[in-house]
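Right, one structure below, let's go through it.
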Amino acid sequence: MKTLYIIDGHSQFFRAFHAIRTPMSSPVTNEPTNATFGFAGMLLKLLRGQRPDYLLVVIDVSGDRESFRSELYPEYKANREAAPEGFHPQVERCVSMLEAIGAPVIGVEGVEADDVIATVVTRLAQGEGGEDLRIRIVSKDKDLQQLLIPGRVEMYDIHTDTLIDVDKLKEEKGVTPEQVVDMLALMGDTVDNVPGVEGVGPKTAAQLVSKYGTLENLLAHADEIKGKRGEKLRAAGDLLALSKQLVTLKRDVPIDFDLERTTVSRLKLEELAPIFRELGFNRYQDELKQLLPGGATSTPQTTARGERGGGEGKDDGGFSGGLFDQHPAPAWAATSVSGASTGDQYETIATKKQLDALVKAMRKAEIVAIDTETTGLAAMQCKLCGVSISMEEGTGCYIPVRSPDPSSHLDEKTVLDALRPVLEDESVPKCGHNLKYDLLVLRGAGVRLRGIVFDSMIGSFLVDSSRSSHGMDALAQALLDYTCTRITDLIGKGKSQRTFDAVPLEQATPYAAEDADVSLRLRNRLEPELRALGLEKLSRDVETPLLEVLAEMEWNGVAVDPDELDRQAERLRTKIQGLREQIEDAAPRPFNPDSPKQLSEILFNKPDDPLAPGLGIRPLRKTKTGHSTDMEVLEKLAQDPAVTTPVPSLIVEYRQLTKLVSTYLVALKEAIHPETKRIHASFNQTVAATGRLSSSDPNLQNIPIRTEIGREIRRAFVAPPGRMLIGADYSQIELRMLAHLSRDEALLEAFRRGEDIHRAVAAQINDVKPEQVTREQRDAAKMVNFGIVYGITPWGLARRLGVGDKEAAKIIDDYKARYPGIATFLQECIAQAREHGYVETILKRRRPITGIDAKRPQDKALAERMAINSVVQGSAADLIKLAMLDLHTRITAPQKGDAGGLEGTMMLVQIHDELLFEAPEEKAEAARRVIVERMEKAMELTAPLVVESACSRTWYEGK
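If you read the sequence shown in the numbering used here, its first letter stands for residue 12, the second for the next number, and so on.
In structure tokens, the structure reads:
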């Protein structure tokens with residue numbers, strides 16, 4: 012997905028001006044430059060770190076009060092102080108700098124920059140930019156949060172490298188983008204002189220909007236709000252409509268905007284060099300060179316050698332001097348064929364003599380960094396183009412097997428026959444970045460890569476799981492201050508994109524060898540950090556060997572019956588058609604149930620509406636485009652006894668079924684490998700900050716299991732003829748882990764007795780005998796049991812149980828009183844986060860926790876919930892990883908005690924607490940017993956581990 016970055020110009024100008032207090036001036040013109048310096052640094056950081064496809068800068072040109080808002084309300088921004096001396100000339104300088112490089116800058120008289128941004132976003136979201144365009148607004152302005160769109164529009168704070176999307180907004184403030192204007196109107200703004208409700212701040216405003224849905228609905232129920240808050244709300248009622256107008260952004264500003272004119276590749280960045288010299292920004296010259304053609308991003312040999320600055324032995328990226336400048340070249344680099352050499356650092360291995368010398372050097376090396384180049388991203392379907400190797404920082408080589416000129420290098424068989432013995436040798440230590448991909452690629456080429464001791468992607472994740480990216484390019488920039496060559500510089504983008512085997516060797520070698528070199532540098536940087544943090548054992552004994560387990564699972568895949576997917580899809584399509592007919596019969600007139608706008612009219616328009624008669628249902632929430640018809644609204648309407656029409660409930664079922672067909676049944680069939688007839692999903696170690704594994708391409712963890720019709724999808728996951736599936740699932744693992752970590756005797760005793768844990772807890776907190784517990788009491792206890800792990804609040808529990816906040820608070824209080832060990836443990840988690848800035852799992856995995864001392868209560872509460880959840884859920888993830896490692900070892904090298912039970916067994920899928928295997932039919936039961944035994948012994952806990960398991964023909968039958 013391509014990304015447009017929209018810079019809120021004046022927001023960044025002001026931030027730069029106030030961030031740099033030290034007086035700065037140009038040595039040539041003597042003009043002040045602190046704001047210009049800060050803005051230029053921000054721009055370079057954005058271009059280098061985010062690599063946008065499109066860039067737009069929006070500025071204010073009307074001044075503080077000369078806008079339509081000041082006509083609506085003369086007091087608007089009347090109290091704002093004039094801009095500080097020296098500010099406006101620097102704004103003009105920044106604009107001229109942007110114009111010099113051809114960066115589009117937009118400002119419109121009579122409106123504010125926010126309105127222009129809103130107009131651009133709206134036009135692009137409505138289709139001008141295509142569906143594959145993502146928009147990131149570079150600003151912290153809370154007014155812009157009303158523009159957020161799921162998966163399309165986000166806000167980005169470049170100075171803290173944080174994103175705000177719809178989920179983050181909901182998580183932090185409890186409101187949707189549609190509700191932001193209502194919240195802002197209630198709060199008011201003393202800086203801009205927007206009237207609000209006296210005494211209502213962000214927290215109260217968010218609570219009111221969340222409860223009543225819209226400002227209008229809140230005012231309609233103002234009489235229900237008691238006390239001074241109600242009085243102040245009613246007193247402000249007349250002004251709140253005006254306030255909402257003032258904070259609502261215009262989305263129809265007449266502007267001349269063409270997305271293609273914002274393409275970053277059109278920028279003339281070289282024009283910045285003379286400007287930087289004039290302004291005295293010497294430190295930016297080197298960063299600029301890395302962004303230019305011929306700089307570090309395209310010729311790594313010039314940045315790795317330390318040739319700049321008179322050969323000082325250290326280059327601008329902080330790398331040590333090139334080893335080839337100081338030592339004789341190794342034997343494998345001694346010769347080149349037809350100019351294959353690309354410089355002193357990165358060499359093409361094109362002859363058998365070079366290849367033999369390289370293999371000999373690899374066997375003597377302290378460690379070998381390895382990377383592969385391929386024709387695509389799908390490891391199970393792409394072809395190998397070549398292998399790159401690095402054994403010393405600043406050096407590397409590329410051994411091609413596919414290129415535009417096959418006669419200039421060795422063929423694939425010759426190369427792999429020579430490399431196979433050393434690559435498969437456990438005693439030769441190897442490192443790399445995202446080596447699971449390389450494992451699969453090489454296995455497809457007939458090589459089993461062994462001896463992996465370090466993966467820099469995993470190392471980065473263990474050091475700081477909150478890092479925004481663990482990709483090689485991002486880590487090289489963040490940890491090494493080095494800009495890697497972009498793959499798009501070699502293969503292009505879009506329709507003109509070519510595969511790597513079409514890249515000439517003089518371009519392919521520096522790119523490929525750089526990958527291995529940077530992998531080695533990252534290993535050398537991260538390994539000492541892991542040791543210093545006490546994470547070396549976790550990396551060495553768990554996470555690094557686990558990548559081989561995951562690679563094996565991905566290689567195995569899981570068999571899927573496409574005919575069963577088709578049958579289910581056809582059945583659901585028949586039901587969907589029947590629902591459409593029922594909806595049409597129940598509606599006052601024909602309409603398209605897939606259109607939110609038409610559905611809104613059907614539900615909420617009055618029956619006597621002359622143009623579009625509807626059912627006259629009272630709307631629950633209003634959005635910018637009309638009344639909301641999202642699933643939350645429809646489910647509330649379906650359950651409302653006052654709503655007598657079946658339309659809302661029919662639409663709910665209609666949407667559920669259409670999603671099952673498109674998102675799961677059709678998508679799963681498309682994911683079946685054309686040759687193996689299996690789905691080879693990816694399993695990821697560096698996504699979930701808790702340490703849990705995640706799944707993608709496709710995401711098997713998202714297959715719905717809460718409803719019977721969703722569970723039916725598992726019927727399509729089958730065992731091939733002569734084999735059986737084995738499902739093994741830890742029972743209530745997070746609760747058992749909570750009991751172990753908290754050492755709460757009451758909870759531990761319930762598990763030791765094998766009791767129904769939810770019934771036992773319900774009996775405790777309600778002070779009744781287990782047999783007297785009602786279904787409602789058990790459901791409440793179950794909700795608290797699982798909710799406590801996620802730091803559930805009284806408000807959250809109340810919503811889930813459908814009870815009042817006070818009753819929910821009492822349930823939680825009673826729970827903590829009956830289980831004091833748990834209450835103490837929760838406080839210990841929070842205390843650890845407060846004292847150290849992180850929490851640890853049972854295997855000492857760390858997760859950074861920010862905001863634990865935040866002033867805003869909601870931020871603090873979120874951090875506390877994260878601290879608790881990370882310890883419990885992360886420890887459960889540690890447990891299943893140990894089980895997977897043990898079982899993988901026994902599958903690949905059966906132990907005596909297993910009695911051959913795992914012979915022919917394959918591990919296929921991991922979903923949270925569940926593992927799915929495949930085994931020969933005659934050995935399936937024996938394999939199941941071994942699997943259960945080993946999973947229950949994976950870790951010694953004070954709460955007994957229980958694994959539920961079954962052998963079956965389909966995944967569905969095993970549950």
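For every residue, glycine included, the Cβ atom is placed at its ideal position computed from N, Cα and C.
As a quick exercise: from the options, pick the residue whose alpha carbon is nearest that of residue i.
i: ALA623; options: ARG632, GLN609, ARG629, PRO630; result: GLN609
i: ASP172; options: PRO188, LYS151, GLN190, ASN567; result: LYS151
i: ASP126; options: PRO161, VAL102, VAL69, ILE112; result: VAL69
i: ILE863; options: LYS871, ARG857, ARG856; result: LYS871
i: MET735; options: LEU58, VAL106, ARG294, ALA935; result: ALA935
i: LEU501; options: ALA217, ASP492, ALA513; result: ALA513
i: ARG80; options: GLY545, ALA887, GLY121, ALA888; result: GLY121
i: HIS769; options: MET794, HIS29, ASP263; result: MET794
i: HIS481; options: TYR493, MET468, ASN796; result: MET468
i: GLN508; options: THR130, ILE381, GLY387, ASP641; result: GLY387
i: PRO618; options: LYS633, SER606, ARG600; result: ARG600
i: LYS243; options: ASP267, ARG262, THR852, VAL208; result: VAL208
Is residue i helix, strand or coil when you go by DSSP?
i: ASP734; result: Note that residue 734 is Arg in the sequence shown, not Asp. Here ARG734 sits in strand by DSSP.
i: LEU67; result: strand
i: ARG497; result: coil
i: MET402; result: coil
i: ARG964; result: coil
i: MET918; result: strand
i: GLU944; result: helix
i: ASP382; result: strand
i: VAL571; result: strand
Using the beta-carbon count (16 or more within 10 Å), is residue i buried or exposed?
i: TRP806; result: exposed
i: LYS892; result: buried
i: GLY305; result: Residue confidence is low: GLY305 scores 48 on pLDDT, short of 50, so the model does not pin down where it sits. Its coordinate-derived value is still stated next. By the neighbour-count rule (16 or more Cβ atoms within 10 Å), GLY305 is not buried but exposed.
i: HIS564; result: Note on identity: in this sequence residue 564 is Met, with His being the wrong assignment. By the 10 Å Cβ count, MET564 comes out buried.
i: MET194; result: buried
i: ASN45; result: buried
i: ALA247; result: buried
i: SER530; result: buried
i: THR314; result: At THR314 the pLDDT is 27, less than 50, meaning the model places this residue with poor confidence and gives no usable figure here.
i: VAL220; result: buried
i: ALA874; result: buried
i: ASN713; result: exposed
i: ILE18; result: buried
Would the beta-carbon of residue i fall within 8 angstroms of that of residue j?
i: GLN518; j: LEU704; result: no
i: TYR83; j: GLN256; result: The sequence given here places Leu at residue 83; Tyr does not occur at that position. A contact, by the Cβ cut-off of 8 angstroms.
i: LEU676; j: LYS586; result: no
i: VAL883; j: GLU756; result: no
i: TYR16; j: VAL119; result: no
i: CYS408; j: ALA543; result: no
i: LEU576; j: LYS680; result: yes
i: ASP740; j: ASP475; result: no
i: LYS393; j: THR406; result: It is Cys, not Lys, that sits at residue 393 in the sequence shown. Not closer than 8 angstroms, so no.
i: ALA649; j: VAL663; result: yes
i: ALA792; j: ILE776; result: yes
i: ASP382; j: GLY443; result: yes
Give every residue of the same chain whose Cβ lies closer than 7 angstroms to the Cβ of residue i, excluding the five residues on either side of it in the sequence, and list them in chain order.
i: ASP572; result: ALA727, VAL729
i: VAL439; result: MET373, ARG374, VAL379, VAL433, GLY462
i: ALA597; result: THR656, PRO657, VAL658, LEU661
i: ARG711; result: Per the sequence shown, residue 711 should be read as Leu rather than Arg. Cβ neighbours of LEU711 beyond the five flanking positions: ALA692, VAL920, ILE922.
Using a Cβ-Cβ cut-off of 8 angstroms (strictly less than) and excluding sequence neighbours within five positions of residue i, which residues of its own chain qualify?
i: PRO868; result: LYS214
i: VAL458; result: LEU427, LEU430, ARG431, LEU434, GLU435
i: ALA456; result: LEU395, GLU423, LEU427
Using a Cβ-Cβ cut-off of 6 angstroms (strictly less than) and excluding sequence neighbours within five positions of residue i, which residues of its own chain qualify?
i: ALA878; result: CYS840, ILE841, ALA844, VAL850, ILE860
i: VAL957; result: SER742
i: LYS13; result: ASP64, LEU144
i: TYR167; result: ARG147, VAL149, LEU174
i: PRO115; result: LEU67, ARG272, THR273
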